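> The structure is given below, and queries will be raised subsequently.
2 protein chains.
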Amino acid sequence: MAIAERKDRESRSRAHDQRERILDAARRIVMREGLAALSMRKIAEAIGYSPASLYIYFEGRDEIAEALGREGYEQLLAQLKPLANIADARERLHAIAHAYVAYGCDHPRTYELIFMAHKERGPRAMRQRALPDAAGAPEEPAKPACGAQLLAATLSGLEQPGGMHADCGLLAQALWAMLHGVVMLTLAPNGFERAAHGPVIDAALDAWFGIRAAPGEPPAVRTPGAGS
Amino acid sequence: MAIAERKDRESRSRAHDQRERILDAARRIVMREGLAALSMRKIAEAIGYSPASLYIYFEGRDEIAEALGREGYEQLLAQLKPLANIADARERLHAIAHAYVAYGCDHPRTYELIFMAHKERGPRAMRQRALPDAAGAPEEPAKPACGAQLLAATLSGLEQPGGMHADCGLLAQALWAMLHGVVMLTLAPNGFERAAHGPVIDAALDAWFGIRAAPGEPPAVRTPGAGS
DNA sequence: GTCTATATACTGATAGAC
DNA sequence: GTCTATCAGTATATAGAC
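Keeping their order, the protein sequence lines are chains A and B. Going by the numbering used here, the first residue of the first sequence is number 499, and it counts up by one from there. Going by the numbering used here, the first residue of the second sequence is number 499, and it counts up by one from there.
Here it is as structure tokens:
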């Protein structure tokens with residue numbers, strides 16, 4: 499049975515490589531032309547395959563888009579995580595907030611992927627997928643956890659100056675929504691008038707966490723568990 | 499020439515009626531199946547026309563979608579405007595904020611229309627439209643003004659309690675972004691974990707405009723120009 | 001595992017008859 | 001002003017040969 503085993507391992511790793519090639523091609527297409535322009539034909543052409551062959555490695559277009567979305571989400575988090583080490587809580591919050599919006603604005607396709615990959619292409623997406631869970635594949639349970647966690651952790655470092663905020667979790671959600679909203683409005687092709695987003699974010703953070711609670715008092719911010 | 503004039507008037511009003519019929523059908527389709535499912539063929543079928551005839555009244559699918567988007571935006575504003583008469587500024591702000599999000603969540607298709615109608619269908623939208631402005635039609639210059647105006651007006655009523663916010667306009671933009679973000683995250687089909695939006699909005703408004711600036715002091719809010 | 005060929009179902013838009 | 005017919009594409013997905 500050793501031979502069968504080895505063959506199985508080999509085919510698995512080959513399959514993994516092919517999936518990677520497919521995802522690479524798909525990513526390039528989305529970056530160049532947007533999620534809406536992603537199609538099995540284009541991917542196949544890009545890697546010199548026939549469209550039919552892609553279905554060996556992915557269930558369909560949607561699964562590919564979702565995979566790219568997860569990737570993008572991890573990239574976004576990776577961008578923010580180092581900022582969690584900034585010692586001063588206020589600085590840290592500012593840095594994370596601006597970095598979040600900057601990422602969204604600088605990588606609109608990826609941001610689109612993160613938040614839109616599912617619903618795309620309404621009519622087809624509404625057909626139920628009757629497939630009863632493809633055989634074999636371990637099927638990761640991965641759904642992206644919400645970005646508000648990172649924000650909530652940072653916010654809890656700001657609680658002191660004046661018995662401030664009741665519920666850090668709620669405020670973190672609001673903050674996240676605000677940042678998401680700024681990105682979406684900036685990317686929206688709608689002619690809605692908008693100010694530059696930098697000052698908007700600063701104004702919001704200031705009004706939320708500014709040094710206004712007791713005028714004259716020093717900033718005095720706790721900085722819990724921030725290494726280095 | 500009187501006859502020609504009358505004929506012209508008649509044909510104009512007929513054309514207007516037909517446009518309305520087309521928009522009605524389009525609106526119904528979008529409400530039922532989403533913007534992505536809107537197509538010229540479906541509209542034509544719904545009103546018993548041939549697809550070709552629609553091009554007499556509209557330049558194409560995009561123009562129809564944009565018209566629906568403008569409509570939706572006006573409906574949203576119409577929903578909010580009466581709330582601008584609430585005398586107490588804080589109450590007014592709360593009412594508007596919650597109404598805004600409620601509208602977005604209760605009418606996801608319309609909200610989609612308002613903010614997405616343009617970019618839809620990437621590849622086709624990227625083709626430049628070479629048509630040199632269809633003859634005759636007066637061509638309204640309407641682009642929706644930004645919803646932040648309404649918010650800014652209300653915010654300026656909150657400025658008093660403690661020399662509060664530096665720039666009302668910026669804060670209004672942030673507030674708008676936050677509300678938009680809440681709607682978008684609520685509508686996103688992504689499995690991002692979220693709290694119910696009501697408390698999130700309240701927490702945000704509280705932290706922004708709450709009665710925390712000087713503990714013990716009465717609310718003391720100006721209420722400028724709010725009739726009745 | 002990969003291909004060709006095809007089934008199926010769209011799409012927006014236009015020419016030209018009536 | 002409206003239609004039929006059609007151009008010229010798009011797409012997902014699958015059957016069956018090799």
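Glycine residues also receive a C-beta, built at the ideal position from the N, C-alpha and C atoms. Just so you know, these numbers come straight off a predicted model, no measurement behind them.
Could you tell me the alpha carbon to alpha carbon distance between A/Arg504 and A/Ala542, rounded to whole angstroms?
The sequence position of residue 504 of chain A within the first sequence is 6, counting from 1. The sequence position of residue 542 of chain A within the first sequence is 44, counting from 1. Taking the straight line joining both Cα atoms gives about 29 angstroms.
> What does the alpha-carbon distance come out to for the pair B/Arg588 and B/Glu564?
Position 90 of the second sequence, counted from the first residue, corresponds to residue 588 of chain B. Position 66 of the second sequence, counted from the first residue, corresponds to residue 564 of chain B. Between B/Arg588 and B/Glu564, the C-alpha separation is close to 35 angstroms.
> Between which two residues does the alpha helix (DSSP H) harbouring B/His605 extend?
Position 107 of the second sequence, counting from 1, holds the residue named residue 605 of chain B. B/His605 -> no alpha helix (DSSP H), and no H or E assigned at all.
> Determine contact between the stretch 671–685 of chain A and the stretch 670–685 of chain B, defined as no fewer than three beta-carbon pairs at a distance below 8 angstroms.
Touching, per the Cβ criterion.
> Since B/Gln579 is in the alpha helix (DSSP H), which residue starts that stretch and which ends it?
On the second sequence, position 81 is the one that residue 579 of chain B refers to. It should be pointed out that residue 579 of chain B corresponds to Lys in this sequence rather than to Gln. Looking at the DSSP string, B/Lys579 is not in any alpha helix (DSSP H), and its letter there is neither H nor E.
> Using only alpha-carbon positions, find the residue among B/Asp586, B/Ala550, B/Tyr598 and B/Leu521 that is nearest to B/Arg568.
The residue labelled residue 568 of chain B in the question sits at position 70 within the second sequence. With distances taken between Cα atoms, B/Arg568 lies closest to B/Leu521.
> Whole angstroms are fine: how far does the CA of B/Ala675 sit from the CA of B/Ser654?
By one-based count along the second sequence, residue 654 of chain B stands at place 156. By one-based count along the second sequence, residue 675 of chain B stands at place 177. Their Cα atoms are separated by approximately 18 angstroms.
> Nearest-angstrom Cα distance between A/Asp665 and A/Ala615?
Residue numbering aside, residue 665 of chain A sits at position 167 when the first sequence is read from its first letter. Residue numbering aside, residue 615 of chain A sits at position 117 when the first sequence is read from its first letter. For A/Asp665 and A/Ala615, the distance between alpha carbons rounds to 31 angstroms.
> Would the beta-carbon of B/Glu517 fall within 8 angstroms of that of B/Tyr555?
Residue 517 of chain B sits at position 19 when you count from the first residue of the second sequence. Residue 555 of chain B sits at position 57 when you count from the first residue of the second sequence. Going by the sequence as given, residue 517 of chain B is Arg instead of Glu. For B/Arg517 and B/Tyr555, yes; Cβs fall inside 8 angstroms.
> Sorted by chain position, which residues of the same chain lie with C-beta nearer than 6 angstroms to A/Thr608's C-beta, five sequence neighbours on each side aside?
The sequence position of residue 608 of chain A within the first sequence is 110, counting from 1. These residues qualify, in order along the chain: Gly570.
> Hey, B/Arg574 and B/Leu648: beta-carbon distance below 8 angstroms or not?
Walking along the second sequence from the start, residue 574 of chain B turns up at place 76. Walking along the second sequence from the start, residue 648 of chain B turns up at place 150. With the sequence shown as reference, residue 574 of chain B is identified as Leu, and Arg is not the correct amino acid for it. The answer is no: Cβ separation not under 8 angstroms.
> Identify the contact partners of A/His678 in chain B, using a Cβ-Cβ distance below 7 angstroms as the criterion.
By 1-based counting over the first sequence, the position of residue 678 of chain A is 180. Correct list: Gly679, Met682 and Leu683.
> Taking only three categories from DSSP, how would you classify A/Ser548?
In the first sequence, the residue the question calls residue 548 of chain A occupies position 50. In the structure shown, A/Ser548 sits in coil (DSSP, three-state: anything other than H, G, I, E or B).
> Go through its chain and collect everything with a Cβ distance to B/His592's Cβ below 7 angstroms, but skip five positions before and after it.
One-based indexing of the second sequence puts residue 592 of chain B at position 94. Here the set comprises Leu703.
> Give the interface partners of B/Asp665 over in chain A, defined as CB-CB distance under 7 angstroms, in chain order.
Taking the second sequence and counting its residues from 1, the one referred to as residue 665 of chain B is at position 167. Under the 7 angstroms cutoff, chain A gives Ala701.
> Applying a beta-carbon distance threshold of less than 8 angstroms, which residues of chain A neighbour B/Pro697?
Residue mapping note: residue 697 of chain B aligns to position 199 of the second sequence, counting from 1. Going along chain A in sequence order, the residues near B/Pro697 (Cβ under 8 angstroms) are Asp665 and Leu668.
> If we define contact as Cβ-Cβ less than 8 angstroms, is A/Ala651 a contact residue for chain B?
Walking along the first sequence from the start, residue 651 of chain A turns up at place 153. Not one chain B Cβ lies under 8 angstroms of A/Ala651.
> Got a sec: is the Cβ-Cβ distance from A/Gln573 to anything in chain B below 8 angstroms?
The residue you call residue 573 of chain A lines up with position 75 of the first sequence. Chain B contact via Cβ: absent.
> With a cut-off of 8 angstroms on the beta carbons, I'd call B/Ala535 and A/Leu669 a contact; round off their distance for me.
One-based indexing of the second sequence puts residue 535 of chain B at position 37. One-based indexing of the first sequence puts residue 669 of chain A at position 171. Going by Cβ atoms, the distance from B/Ala535 to A/Leu669 rounds to 38 angstroms, so no, they are not a contact pair.
> State the DSSP-derived secondary structure class of A/Pro636, mapped to helix, strand or coil.
Stepping through the first sequence from its first residue, residue 636 of chain A is reached at position 138. Unreliable placement is indicated for A/Pro636, whose pLDDT of 35 sits below 50; the coordinate value is still reported in the next sentence. If DSSP states are grouped into helix, strand and coil, A/Pro636 belongs with coil.
> If the cut is a Cβ gap below 7 angstroms, which residues of chain A does B/Ala686 touch?
Working through the second sequence from its first residue, we reach residue 686 of chain B at position 188. Within 7 angstroms Cβ-Cβ: Phe613.
> I need the boundaries of the alpha helix (DSSP H) containing A/Leu669, first residue and last residue.
By one-based count along the first sequence, residue 669 of chain A stands at place 171. Where A/Leu669 is concerned, the enclosing alpha helix (DSSP H) stretches over Cys666 to Leu685.
> If you draw a straight line from the alpha carbon of A/Gly696 to that of B/Glu508, how long is it in whole angstroms?
One-based indexing of the first sequence puts residue 696 of chain A at position 198. One-based indexing of the second sequence puts residue 508 of chain B at position 10. Cα to Cα, A/Gly696 sits roughly 53 angstroms from B/Glu508.
> What whole-angstrom Cβ distance do A/Ala595 and B/Ala672 have, given they're in contact under 8 angstroms?
In the first sequence, residue 595 of chain A corresponds to position 97, counting from 1. In the second sequence, residue 672 of chain B corresponds to position 174, counting from 1. Rounded, the Cβ-Cβ distance is 11 angstroms, inconsistent with contact.
> What's the C-alpha gap between A/Pro580 and A/Phe613?
By 1-based counting over the first sequence, the position of residue 580 of chain A is 82. By 1-based counting over the first sequence, the position of residue 613 of chain A is 115. When rounded, the distance between both Cα atoms is 23 angstroms.
> In chain B, which residues lie less than 9 angstroms from A/Arg568 when you measure between Cβ atoms?
Here residue 568 of chain A corresponds to residue number 70 of the first sequence, with the count starting at 1. Here the premise fails: no neighbours, minimum Cβ distance about 11 angstroms.
> Relative to the C-alpha of B/Gly532, which candidate in B/Leu611, B/Pro549 and B/His514 has its C-alpha closest?
Looking up residue 532 of chain B in the second sequence gives position 34. It is B/Leu611 whose Cα lies nearest to the Cα of B/Gly532.
> DSSP state of B/Phe452, grouped into three classes?
Since the first residue of chain B shown is 499 and the last is 726, residue 452 of chain B is not available in this structure.
> Let me confirm a value: B/Ala524 is counted as buried when at least 16 other C-beta atoms fall within 10 Å, else exposed. Which label applies?
For the purposes of this step, residue 524 of chain B is identified with residue 26 of the second sequence, where counting begins at 1. Per the 10 Å Cβ criterion, buried.
> Under the assumption that B/Arg477 contacts B/Met538 (Cβ atoms under 8 angstroms), give the Cβ distance between them as a whole number of angstroms.
Because chain B here runs from 499 to 726, residue 477 of chain B falls outside it and cannot be looked at.
> A/Asn583 to A/Gly602, Cα distance in whole Å?
Locating residue 583 of chain A in the first sequence gives position 85, where the first residue counts as 1. Locating residue 602 of chain A in the first sequence gives position 104, where the first residue counts as 1. Those two C-alpha atoms are separated by around 21 angstroms.
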